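Protein chains in written order, with our numbering: chain A, 1 to 146; chain B, 1001 to 1397; chain C, 2001 to 2123.
Every residue gets a Cβ at the ideal spot worked out from N, C-alpha and C, and that includes glycine.
Quantities reported herein were computed from a predicted structural model and do not represent experimental measurements.
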Amino acid sequence: MIDRIEYQKYVSDNQPKSPMVRTLIAAFIVGGIICCIGEGIGDILKLIFKDMSEKDVATWESCIMIFLGSFFTALGLYDKLGHYAGGGSIIPITGFANSVTSPAMEYNREGVFFGICAKMFVIAGPIIVFGVTASFIVGFIGYFVV
Amino acid sequence: MRTFEIKSPVYIKSGFTVVGPKEGDGNFGDCFDIVLKDDLWCEKSYEKCESKMHRDAITGAIKKAGLKKEDIDILIGGDLLNELSSTSLAARNFPIAFLGLYNACSTFGESMIVGAMLISGGYANTVTCSTSSHFSSAERQYRFPLELGNQRPPTAQWTVTGAGCTVLSAEKPRLINEQVYDEDIIAIDENMNLDPKDVEKYKKSIEKQKGIINKDKSNIIEDNFHKEMNDYIKTNSHCVKVTGGTLGRVIDLGIDDEANMGAAMAPAACETILTHFKESGRDPSYYDGIFTGDLGRFGKETLQYLLSKEGITLPDYYMDTGASYFTPEQKTFQGGSGAGCVNTAFNGYILKRMQRGELRRVLIVPTGALLNKDTPLQKETIPGIAHAFTLESESFL
Amino acid sequence: MEIFLTYLKVFAVGGLVCLIGQILINKTKMSSARILVLYLLVGVVLEVTGAFEPMKQFAGSGVTIPIMGFGSNLAKGALEGVAEKGFMGAIAGGMSAVAAGLTTAIVCGFVFGLLSKSRSKKI
Chain A
1 MIDRIEYQKY VSDNQPKSPM VRTLIAAFIV GGIICCIGEG IGDILKLIFK DMSEKDVATW
61 ESCIMIFLGS FFTALGLYDK LGHYAGGGSI IPITGFANSV TSPAMEYNRE GVFFGICAKM
121 FVIAGPIIVF GVTASFIVGF IGYFVV
Chain B
1001 MRTFEIKSPV YIKSGFTVVG PKEGDGNFGD CFDIVLKDDL WCEKSYEKCE SKMHRDAITG
1061 AIKKAGLKKE DIDILIGGDL LNELSSTSLA ARNFPIAFLG LYNACSTFGE SMIVGAMLIS
1121 GGYANTVTCS TSSHFSSAER QYRFPLELGN QRPPTAQWTV TGAGCTVLSA EKPRLINEQV
1181 YDEDIIAIDE NMNLDPKDVE KYKKSIEKQK GIINKDKSNI IEDNFHKEMN DYIKTNSHCV
1241 KVTGGTLGRV IDLGIDDEAN MGAAMAPAAC ETILTHFKES GRDPSYYDGI FTGDLGRFGK
1301 ETLQYLLSKE GITLPDYYMD TGASYFTPEQ KTFQGGSGAG CVNTAFNGYI LKRMQRGELR
1361 RVLIVPTGAL LNKDTPLQKE TIPGIAHAFT LESESFL
Chain C
2001 MEIFLTYLKV FAVGGLVCLI GQILINKTKM SSARILVLYL LVGVVLEVTG AFEPMKQFAG
2061 SGVTIPIMGF GSNLAKGALE GVAEKGFMGA IAGGMSAVAA GLTTAIVCGF VFGLLSKSRS
2121 KKI
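If you want it as structure tokens, here you go:
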């Protein structure tokens, strides 16, 4: 039989690779469009609520984008978009909403308690844990530096 | 010595398959007994659907062989879910002894070998060998939630939604298969001990289910009895015997990518095939059909490369059921996998060709990747296994 | 014309951010959770080093809609909290800055999880 190292080299050399050009173009276009939708929502908010502060507009903008991400996940469209766009639909904040909503929908059949609520963060858990810990570390260092 | 011969004859009485809609559109689409229009089959979850497919594959195979439930001695089967849940939930509907097996996607090979050994040893007269897998239940167990918008890597395989059952017996099969109608499959089972209140509900869901079997694809629908790959009306010219096999060894060459199972399984298939040829003294030309389980397109190339290094060239008619299962337009990348893949391809396609005498000596090598969701996270590599069994068809006359 | 230029900048920068992520997916086979965590931490680092603010001025939603914006909000909140409330702000600042987004994500996830079930994939 073939040697272990030789076999691993054969596999990594010969296994099919993702088509670079097509996936990159799809990610670029879809990612750009999602960001433009976000910018558009911000502009509309500014038009409707003229006295809203810049910070509130940004907060509203991301909340609406998160809602849209969840909504299209619930309609079953976001996973189809993700199949074509890859990084283009994962990295925007809508991808975060998708990673919260999709396990909740998946474990719906196990009930509300140990299904939806318990399994909601199987994908998004690391994002929240890393984010909160990083912000604490930043604050902690900032407290002693400043 | 891992290669064995079945001394007293073990015949295949019948084979029955239930598959999902995507499989019905695949390359073996015309061969299946039941093709569903919807892969929930009126159930509340994909796990329940898989269990129901499994149950109905066994029911259908028993009916097709012209037997009753009471005629079966042992029910042998397995699936991919945790603790064989779909098989054991299906087995509660049968008053038959049950053996649950697990060898990942090669469970079908294992159950055929165990079944043939039991019959040959005189411990049983008739056994059923069944396996099942379901794309959606396997996806949530081994990978990610279905609605998560991630990209499947190009080495990924598509778990086949399907269940199949083969009836093995010491007696010769009938010349013509007993006809199975959709009513036989979805009838209320007395053994289920349903609450009288639930019977009404169940009847309603059965009414709905009638529309869920795809009339154009399924072979059990009367209008389709004339179809070429159908075996209900035609007389079988040959009967199929299980003649032997080679038990597999667990081989691990250090592949740690759970999305590339073909590469993890190919060395095991190579080792089993080499051992089989060495111990039986045969060469590839002895067989007129060589099939591997679900290596996928890349795994198939890898196997051919590995065997060519050992000086064995597989003939042109060598086929990987996983790689051939779906058409390229179906975007499954490497093709089908799962416990239902080789099973439905065998019962739907290979068995029917053998019964018509188109294939005389066949070697089937189902392969399996032995991983669960946690082992790759614990930095374990993925071991593979492959069992081989051989079949011969002999003329009835 | 000016508005067209703004959107062009948003599109180009947002697309570029996602394109880099796609290169990582293709080359390293990272799962989506790892990509998101990586980008979040990049956002935190950019905010702390002060590079995020000019980027935001230039591309607006092109950098705030990708999850980097979430990371930068966390870091910014923590630093602002320290300035206002001292050590307590270091603990509470980050979470309070992203509280609205996180609450929306959890509530939407819960409600849509109750309302709909996952469906099988066709492709």
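Length of the line joining the Cα atoms of residue i and residue j
i	j	result
B/G1348	B/P1021	15 Å
C/K2085	C/G2077	12 Å
B/L1067	B/I1176	13 Å
B/A1388	B/G1109	7 Å
B/L1377	B/D1252	17 Å
A/G87	A/L24	9 Å
B/V1418	B/C1341	Past the boundaries of the shown model lies residue 1418 of chain B; chain B is included only from 1001 to 1397, so the question cannot be answered.
B/G1384	A/V112	38 Å
B/D1182	B/A1061	13 Å
A/L75	A/V100	15 Å
C/F2070	C/L2079	14 Å
A/V145	C/S2032	35 Å
A/A118	B/R1249	39 Å
B/L1314	B/L1303	9 Å
B/V1412	B/G1244	Because chain B here runs from 1001 to 1397, residue 1412 of chain B falls outside it and cannot be looked at.
B/I1058	B/P1145	30 Å
B/G1281	C/K2027	45 Å
A/V57	A/K46	7 Å
A/V21	B/D1256	27 Å
A/D43	A/P92	18 Å
C/G2056	A/E6	According to the sequence shown, residue 2056 of chain C is Lys rather than Gly. Straight-line Cα distance between these residues: approximately 49 Å.
Same chain, Cβ closer than 7 Å to residue i, five either side skipped, listed in chain order
i	result
B/M1354	H1238, V1240, V1362, L1391, S1393
B/N1230	N1219, N1224
A/Y107	G115, I116, K119
B/I1006	A1116, S1120, V1242, T1243, G1244
Residue i vs residue j beta-carbon contact at 7 Å
i	j	result
B/Q1179	B/Y1142	no
B/V1365	B/A1269	yes
B/A1138	B/L1370	no
B/T1367	B/G1254	no
C/G2089	C/G2081	yes
B/A1163	B/S1132	yes
B/T1107	B/C1165	no
B/T1321	B/N1027	no
C/A2105	A/A97	yes
B/S1051	B/S1086	yes
A/A27	C/L2008	no
A/I127	C/L2036	yes
B/E1258	A/S102	no
C/K2029	B/P1154	no
B/K1413	B/G1024	Nothing in the structure corresponds to residue 1413 of chain B, since chain B is present only between 1001 and 1397.
B/L1307	A/I2	no
B/E1071	B/A1339	Residue identity differs from the one stated: residue 1071 of chain B is Asp in this sequence, not Glu. No, the pair does not count as a contact, with Cβ atoms beyond the cut-off.
B/V1199	B/S1120	no
B/A1323	B/K1300	yes
Chain-order list of residues whose beta-carbon lies under 6 Å from that of residue i (same chain, five-residue window excluded)
i	result
B/F1032	T1017, V1019, G1348
B/T954	Because residue 954 of chain B is not part of the residues shown, which for chain B are 1001 to 1397, the question remains open.
B/A1097	I1074
C/G2043	M2068, G2071, S2072
B/K1013	A1065, V1167, S1169, P1173
C/E2047	S2072, A2075, K2076
A/Y78	F72, N98
B/N1398	There is simply no residue 1398 of chain B to check, as chain B begins at 1001 and stops at 1397 in what is shown.
Close Cβ partners of residue i (< 8 Å) along its chain, the five nearest in sequence each way excluded
i	result
B/G1122	S1008
B/L1359	D1288, G1289, I1350, R1353, S1393
Neighbour flag for residue i against chain E, beta carbons, 7 Å
i	result
C/S2120	Among the protein chains in the structure shown, which are A, B and C, there is no chain E.
*Indicate whether the contact test is met: 3 or more Cβ pairs, each with one atom in the segment 1332–1342 of chain B and one in the segment 1202–1218 of chain B, closer than 8 Å.*
no
*asked:* Counting only Cβ-Cβ distances shorter than 8 Å, please list the residues of the segment 88–104 of chain A near chain B, keeping chain order.
replied: S89, I90, G95, N98, S99, T101, S102, P103
*Got a sec: which bits of the segment 2031–2058 of chain C sit with their beta carbon under 7 Å from any beta carbon on chain A, in order along the chain?*
S2032, A2033, I2035, L2036, V2037, Y2039, L2040, L2041, V2044, V2048
*Is there contact between the segment 1335–1345 of chain B and the segment 1290–1302 of chain B, where contact requires at least three CB pairs shorter than 8 Å?*
yes
*asked:* Does the segment 1079–1098 of chain B come into contact with the segment 1024–1040 of chain B, if we say contact requires no fewer than three beta-carbon pairs (one atom in each stretch) closer than 8 Å?
replied: no
_With three or more beta-carbon pairs closer than 8 Å as the criterion, would you say the segment 2062–2072 of chain C touches the segment 25–41 of chain A?_
yes
*Give, in chain order, every residue of the segment 1217–1244 of chain B whose Cβ lies closer than 8 Å to some Cβ of chain A.*
none
*Near-chain B residues of the segment 2004–2032 of chain C - C-beta to any C-beta below 8 Å*: I2025, K2029, S2031, S2032
*Quick one: which residues of the segment 1128–1143 of chain B get their C-beta closer than 8 Å to a C-beta of chain A? List them in chain order.*
R1140
*Within the chosen definition, does the segment 54–74 of chain A reach the segment 2108–2116 of chain C through at least 3 CB pairs nearer than 8 Å?*
yes
*asked:* Taking beta-carbon pairs under 9 Å, can you tell me which members of the segment 43–58 of chain A lie near chain B?
replied: none
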